[in-house]
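Report on the structure given below.
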Amino acid sequence: MTMLKTAAFFLALAPAISSAADRVGDFSLLDQDGYNHSMSWLDDHKAVALLVQVNGSAATEAAIPAFNALRAEYDAKGIEFFMINPMGKNNRAEVKAELAEYGIDIPVLMDDARLISEALGIAQTGEVVVFNPSKFTVEYRGSVSGARAALAEIVAGDAVSTAMVAATGETISYPNSDSISYAKDIAP
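In the numbering used here, the protein residues as written are 1174 to 1361.
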């Protein structure tokens, strides 16, 4: 019975583990000020660190100081820092106001269509995703504290040893694309 539980645990964990190094592809998003940021233009960087930003999120608010400290430490070492807003609300003015409230100047990539956030596997507010802009893969996903170790390994030229670390934050849900059926929704 214990072996069955262990097997079930690892089967449940398999999709999450495999998604850490999945190829996402190149993408471009506008930030809160309307500037375009394309990941392929950042291929001279070792990585791109993305903090999931949602207005009013306690997890985002708690993660910002540590993420800003990572930026101060790793920006000159070839890591680019952004936040990403996966909510699809077209609320640039509100995002700007919240950034001003926190006194932070990190650009927030606005994923108004929510496609990039879903492709990156973003699941919680306040989590960090580390993206490789040369390979277009997610190298790390998890807490800000875990991102520090991942970035150190990337800067050293090593593979990330722990690609996923548990993060706490509000759950981000996406529309269920599985609910569309050709026979029921398109053909009639």
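We put the beta carbon where it would ideally sit given N, CA and C, even for glycine.
Check the Cα spacing between Phe1254 and each of Glu1246, Met1260 and Asn1264: the tightest is with Glu1246. Along the length of the region 1205 to 1254, whole alpha helix (DSSP H) runs at least 4 residues long occupy 1231 to 1247, reported in chain order. One thing to note: Leu1282 has its Cβ within 7 Å of the Cβ of Leu1202.
The region 1267 to 1281 makes contact with the region 1222 to 1242, as at least three CB pairs between them are under 8 Å.
Inter-residue distance for Ala1296 and Asn1228 is about 15 Å (C-alpha atoms, whole angstroms).
Within the region 1306 to 1348, the alpha helix (DSSP H) runs of at least 4 residues that lie entirely inside it are, in chain order, 1317 to 1328.
In the DSSP annotation of this structure, the continuous segment of the alpha helix (DSSP H) that includes Val1268 starts and ends at Arg1265 to Tyr1275. By the Cβ neighbour-count rule, Lys1219 is buried, with 16 or more other Cβ atoms within 10 Å of its own.
In this chain, the beta strand (DSSP E) harbouring Val1281 covers Val1281 to Met1283. A direct Cα-to-Cα measurement between Ile1252 and Pro1348 gives close to 32 Å.
Taking a C-beta distance under 7 Å as the contact criterion, Leu1224 and Val1301 qualify as a contact pair.
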